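The block underneath contains the structure these notes are about, expressed in structure tokens.
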Amino acid sequence: MDLGSFAGPFLPEILLLAGTLFIFLLDVVGVRSTERVGAVAVAVTGLALLFVIADLGFAPLAFLATIPAGQIDAAGTGSALYAFTSLGLIFQAVFLLATFLVSLASLSRPSQDRGAPIFFGLLVLATLGMLLVAIASDLVFLLLAIEVTSLATYLLVGYTRKDPRSLEAAMKMYVIGALSTTLSFFGASLLYGAYGTTNLAAIAHVGGAGGVPVLVLLGYGFLIVGLAFKATLVPFHAWAVDVYDGAPTDVTAFLAGGSKKVGIFAFFLVFLAPILFVRTGTGSPFANGAIALGPILQITLGVLAVLTMTVGNILALLQKEMKRMLAYSSISQAGYMLIGIAVGTAPALAGATLQIFAHVFMKGAAFLLVAGVTAWGIGPLIDDYRGLGTRRPVVGVAFALMLLSLAGVPLTIGFVSKFVLFSAAVQAQGYFVWLAVAGLLNSALSVFYYARVLRVMFFEEPAAEKFPAGAIVGGSGPSELPAGGFGYGRAAAIAIAVIAIVAVGIYPQPVLGAIQAAAQHFVAVGA
Amino acid sequence: MAGLSGILEWAFLVPLLMVISFVVVGLAGTRLKRLEYGGWIAVLFAGAALVVGVLVAAAEMLSPGQYVNVQYTWFQLPPAAGTFPNGFRLVAGTLVDPISALMLLVVTVVGFLVMLYSIEYMHHDRGLARYYAELSLFLAAMTGLVIANNLFEFFLFWELVGVCSYFLIGFYYEKPSAASAAKEAFLVTRVGDVMFLLGIFLYFYTYALAGPGNGWAASGFVFTNGNQPFLAGAMGGNSTLLTVAGIMILGGAAGKSAQFPLHVWLPDAMEGPTTVSALIHAATMVAAGVYLLAVTSLFLGFTATDQLLIVAIGGFTTFFAATMAVVHSDIKRVIAYSTISQLGYMVLAVGAGFAMVGLFHLFTHAFFKALLFLAAGSVIHAIGTQDLFKMGGLRKPMRITAAAFAIGGLALAGIPPFAGFWSKDDILGGVYSQLGTHPLYWPFFLLAFAAVFLTAYYIFRAWFLAFSGDGPRDPTLPHAHEGSWVMQVPLIGLSALAVGSGLLIFWPNFQSLLLNGAGAAGIPPVFGPTDLALSGISVTLGVAGILLAWRLWGNGRVYVLPESSWAQPVRRLLLNRYYFKVGYDWIGQRGVYSVARAADFVDQFVIDGTVHGFERMFAALSERLRRIQSGVVSDYAAYVVAGLIAVFVLLLLVAPYLVTLVGGA
Amino acid sequence: MLPLISLILATLVLGTVATFFAGARSRWVALATSVVFLLEVAVLFVNYSGWPGYNGALVPGFSESESYSWIHLSWLQINYTVGVDGISLVMILLTAILQIATVIYSWAEERRPAAYFGLVLLTCLGSFGVFVALDILLFFLFWEAVLVPMFFLIGFWGGPRRRYAALKFFVYTHVASIVMLVGLLALVFYSGASSFDFSSVYAAARSLAPVPQTFLFLALFFGFGVKFPMVPFHTWLPDAHVEAPTGGSVLLAGLLLKLGGYGLIRWAVEVLPNGFHVSQPILFFIAFLSIVWGSVLSLSQRDLKRLVAYSSINHMGIVLLAIALDSSLGLIAAVLLMFAHGIVSGLLFMTSGSVHHTFGSRDIPAIGGITPTTPALSTMIMVGSLASLGLPALISFPAEFTALLATWNGLGYWVFVPLGILVVTAAFYLWMMQRMLFGPPKGVPIGAHDVPWYEGVGMGILVAFTVLFGVLPGLLVNVIVSSPIKGWPGP
Amino acid sequence: MTDLPLVGFIGLSAALLAIGLFGILTRRNFILLLIAIEIAMNATILNFVYFAAYTGGTAGLTGQSIAVVLVGFAATEVAVGLAIVLALNRLKGTINVAQATELKL
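Residue numbers (our numbering), protein chains in the order written: chain S, -9 to 517; chain X, 692 to 1356; chain V, 10 to 500; chain B, 210 to 314.
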């Protein structure tokens, strides 16, 4: 195997690795301005994104395709560490998109920010880990890839080294993260013991060839808990709120928009097989019918999903701080995403994937926007946003769109994703309908706190003249505020998000069609 | 005179003319100061309507028969299986027949005269354009009601006249009492209207389902002569339903015609201008209830139970209202009670099966009652008070008025040869003739008979109080004088009619009008004095009443009932109108309104409170749950471990159990 | 053939967007949009087979149908499908009338007129969409799209408690929508319909067994019922109405409540006949409850707007009753009633708005004898009140007459409940008029004058239609009757 | 190699995990937390080694190689942890995790 053909399919990953190294190199040689370093990150992630989109079969970019057609969605051999699935590629695209938006927006961070190379370098490194997760086909490879991301994000959260809040957040994330990692590896070891392999495809095909039922259940139990850390499921979510709050807001945007989805996709990878092969009635490890592993896992995940969205929503209800409110909302959104795997059908996976895709634009961009307005001197409380909508209508409307999308109001991407997700749950019939009902009721509950922000922004008068007049981009405001606008990078990132929210909200077919096709392959291959 | 019958097709011109008058006066009235703010325009149109009305009546008299013309389909449903198998259609059209011709005559004649009288009587009031517009609309609605060719259309105009009445009673809307009386009138009649509406449904439904009625729904439920087969067919299985329908129609009629127990609104309706009282609340609109009963009895039919009920209501009201008229001191209210009482006679007649006799009384009553009101109005116009005890000796300055009132009073009291005698006597005679077959009519017949005495007494009590004696008892009253020709012409015209309209019965053409309208009633009516003994007794009673009135009140005397008299409680009862109004007010305010307030409380604090309770519950839950976010990372680790244990419990214990419950995926 | 409905939608979308960006000229843009909208609706009417003379035949299927693929997955077939029948046509006409009247009435809106008029147009756009949508997602989309502009209209231009009211409105209707969405999704997936289109759902769902139909029907009914609003889920309505700006109240009462009725007829009653039959007692109970509750509560209100709001509950209760009767007479009555109530309640809310502008208060006991000061306004109040209590020759009468006749045919003596309540309805309107319009002047500020021209014209338009369709209800009935009320148990 | 006492070894690793978890829950000193995490991690590594031996053959080699990788990974993880604790100590002057509670509720 010549190196070229081996490296070809991994071009995006290699690109990111190179990018990381290059950024750190730049730091060494003394090029540290935000714009220059950030440009590298933007370029690298953007280019990688193009490659991935090309691999997904987007015709106009076909000349950029790096993976030979036959390798995508090929049936697993049972020994490879990696496999290219179109759903994995879509997740790669989602991850890259999140990083791209965050990097783009971060171009507008203060130019002399000392930590810029560290920030962007770790950002790209974390993304690299995420890309690896998306192509993982081996449990340990998967967990290690997650760790690449995790270790990078621990450092990313505390990268300023000056802010006690950020460091506290990094510490908390580290402790809980390390604990979870340990638990997931322990679970992996138990599954290895039960099946004699850590390859996911092999586990899927192992049939009734082995395993101690209790060992398998315990193994999956440890894995649920370990992965739940990343996916911020209740009750393993407590760190997330503090971290989202304490981390620099742009990092929070990355955590919420990007790295959290790693956990969800890991759930897809790990749990689809046991759910599917029992559902389809073939190759159960417990062919003697001792226990029905699939339904047990589905119910457990379903309970976690409902618990997560409900608790997340209830906790968000009374939040007074904007970032913490968004953090709780983010937790509840994870519950919706988990419905996808709990139902375990291709439509449900497609719905969850679309929800994840949407979340990048809704929640990620919302944090980016919060970071921007925080730079104007707006405080952390929701009440500090009084009058934002009337004084700065463009920003207000953009934020409103994101919140409405989170609440699932039609003609936004958030509506489409929830619609597809809950449709899929209903389509699966049986007790999955109750997941849809729970999800819908929760989204009704969530309206309370989203609407409250709208109310504050649009219906209440600002306490004082806080908002400089001027355009969203580079306007000239009073001197005591750093800038009248967001800066071009941030404005562009938010604009992309807003366009995506509306465009996909109105005509989802291209995105949805691709995701659905990918999900179908994913299920077909997994089964 | 075949040429004249062509006018029948144009009967709809009458309401149309008045609608035009309404629109013209309503829109342009305020700018036409010279024409009494459109008053003369209204008079002109009313005159034109009168001409058409008289022509229609004449044509109908010359060639009795009927003419149906469906002009416009409101809406229709296609035929299909179900309640209305042949489809369903609601139409608006005209039906000119003897009784509608008779009513048209009454309405246009009185309407024109009152309109003319108003020119001077209302001259000093504000809002005249509104007055004439509303009066025009009223005449349009009333004439439309008269020539309506189905119950639905009838109801439509019925409601419209009700609204006109509402606005005209409340004409002096700045007076709280007027505004209140208007509301009361509308509400009380509304109770009747609601019953009427149900009655319509019942008839529509009953006839539509009964064999011969199938085509009726498709044709728009129009009145057709000789509907006996309908009645017979429908009664085959639905006599209960028909009885209820009849009761509902009676309810509607009782509301409009102020019959017991829905009579309370009419005396209060005297808050409106006297002209309005004369036209609407004496001559025409209040008679619409009787007209409704007559039309129903002729075209649709009542069951025997219905008839007894109608007789009971009519007979009782006759006496009941007369007693209240005995004690009141407001001249208009006395006449108003008299109106209720006389309407009772008509209802009684229709109930006993003599619809046409009832209508004949309606015809004569319209003239002499309008006359009484206009005469009273003349007095009020002259001296500015309605209190009989302040008046006195007015016969000298107001000779024409005094004479007119006297003629009206004699007609009312049933003294021959005045109009009231002929019609009232026919009613009493008719009911008397039924007593053999319907012994249950006896008490109501006796009540009606007794009312003759009271009627004569109270109306002459009023006459003596107002016109006899040497001068006003209240010296502060302005000097009385007769009105101009504009007011005198209607008085004289109506006086002539009060004398002569009863005698019309001896004109064969007129009598044929009455006889030909009676096709369905079953009992051939007899007009003119038949039972001389009965007539003698009734006339004697009338004369006795007049004499008693003269004895107590004649020559300026004022009779004061001794404080210790046994009759004092009775007098108080009568003055308080049997406490009906108090009772109704109590139901309205203490009853319904209290319920409404209580419901409001429930709405705000129980229903909304529950919602807010949920809100608070979630808030409390949120507050509780927030505390787990302690900020100490060791706690978070503890949650992870606790979660781990929980997941194991779920995986190993709960989920397997649930799986057995739902039986796998 | 011209894609007329899409053309109208495009007109509204363009008009709305243009209004948002038109700044000071926004009212002209809004007016122009409304005029074009009304003209296009007129064309729609003229094109419709049931117009002008009803020939007794049913129009086959939906007119002006258009269908384009929208979301196309193996398990999810969603199309942009639109079309009209007589029922939706009447509702569309209502939308057009109310839109133009509201725009003119609000002519002098000074607070951010561009946003205000844009939101008004957006509300009407959403309503129009609901009335023409023949695909479940499209329907739901427009349904929810109405909610957002109304939330902002109440929340930004509203009265003192506007924030509370806006939130309450949003939460109530949103929760209802969500239950409805579950129902709609289940409708598709449990019936095995091949797509979200009305035709395929209709074909598939009618054959479902009674039990699932009942569950589906109740879920849908709850969703539509809160919008109605049905007692006891009605308390958002008085608050929303009272706090909303006049234009908002008009659209809220005139259009939003109708969405519930329309949705019930189109998506629940027709599609799930068995579930409907099983649920009929529940519907009757709620209808009677709403009728009585709305009317009785109106009697105790001091605030003119609150009074009208509660009377809306009463009237929509009659609509529900008429629908629940399951007869074509009842259905026609329901549609007529909705149209009538839309126009009349719009008029009444406009008058209460004008009362508030002129006298600075809507407290009925505090204001009295306003007729000499504001004769035109008083006339409008009288016309509105009389129309609302069912006076003949005004639009509500034929509707109420038909509804009550249908009730008698369907329920017999139960008709006494709505009939008796007619008296209470008359009572609270008359009492209100007695206290506010009549009697000696009270609470009339010095220098108060009659309504400005734009308010007068706005109300005048509604009065004109009140009289026009009151005298000639056949114009509407012919259109309704000719619509393909498929599978309806005969007239 | 299949005669190894299965239950005993699993019991050993479970005990190690429990000790690690107990340490994580009870210690407030960040360094001690790191040690506790490492103990728990060692339970995992032990598991892999043991199951590799139990499985045997080429499949067994997988487990052994994983064990080696995990040892390296654990070291990396600790390094990151130490980096964070150093920064925290420099800023706050303490490595007691219970004193870093600025972010809560």
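Even glycine gets a Cβ: it sits at the ideal position worked out from N, Cα and C.
Since this is a predicted model, take the numbers as computed values, not measurements.
Bridge partners - residue i, DSSP secondary structure assignment
i, result
"Lys451(V)", "Gly377(V)"
"Thr90(V)", "Ser76(V)"
"Phe218(B)", "In the DSSP output, where bridge partners are listed per residue, Phe218(B) has none listed."
"Thr764(X)", "Val782(X)"
"Ile891(X)", "Note: Ile891(X) sits in no beta bridge, so no partner."
"Tyr758(X)", "Val787(X)"
"Asn189(S)", "Asp128(S)"
"Leu371(S)", "Glu311(S)"
"Phe74(S)", "Ile62(S)"
Residue i to residue j span [Cα, whole Å]
i, j, result
"Val453(V)", "Leu395(V)", "24 Å"
"Ile136(S)", "Glu3(S)", "14 Å"
"Met961(X)", "Ser871(X)", "12 Å"
"Thr1362(X)", "Val705(X)", "Outside the displayed range of chain X (692 to 1356) lies residue 1362(X), so it cannot be described from this structure."
"Arg237(B)", "Ala296(B)", "17 Å"
"Gly278(V)", "Gly911(X)", "Inspection of the sequence shows that residue 278(V) is occupied by Val rather than by Gly. Near 29 Å, if we compare the C-alpha coordinates of Gly911(X) and Val278(V)."
"Tyr1330(X)", "Gly232(V)", "39 Å"
"Thr897(X)", "Phe858(X)", "36 Å"
"Val258(B)", "Ser222(B)", "11 Å"
"Phe29(V)", "Gly127(V)", "5 Å"
"Val392(V)", "Tyr758(X)", "35 Å"
"Thr239(S)", "Ala356(S)", "10 Å"
Reference residue i; option with closest CA among the options
i, options, result
"Met445(V)", "Met389(V), Arg172(V), Leu227(V) and Ala412(V)", "Met389(V)"
"Asn841(X)", "Leu991(X), Val1340(X), Ser930(X) and Leu851(X)", "Leu991(X)"
"Ser968(X)", "Val1025(X), Val935(X) and Ser988(X)", "Val1025(X)"
"Val21(S)", "Phe85(S), Ala106(S), Ala8(S) and Trp424(S)", "Ala106(S)"
Short CB-CB distance (under 8 Å) between residue i and chain C
i, result
"Val306(B)", "The question asks about chain C, but that chain is absent: this structure's protein chains are S, X, V and B."
Contact under 8 Å by Cβ, residue i with residue j
i, j, result
"Ile254(S)", "Gly334(S)", "no"
"Ile80(S)", "Ala504(S)", "yes"
"Leu471(V)", "Leu356(V)", "yes"
"Ser361(V)", "Ala1287(X)", "no"
"Gly1042(X)", "Val1002(X)", "yes"
"Ala73(S)", "Ala191(S)", "yes"
"Tyr864(X)", "Phe230(V)", "no"
8 Å contact criterion, which residue i and residue j should meet: CB distance rounded
i, j, result
"Ala1110(X)", "Gly1049(X)", "At roughly 15 Å, the Cβ-Cβ gap does not stay under 8 Å, so Ala1110(X) and Gly1049(X) are not in contact."
"Leu439(V)", "Leu878(X)", "6 Å"
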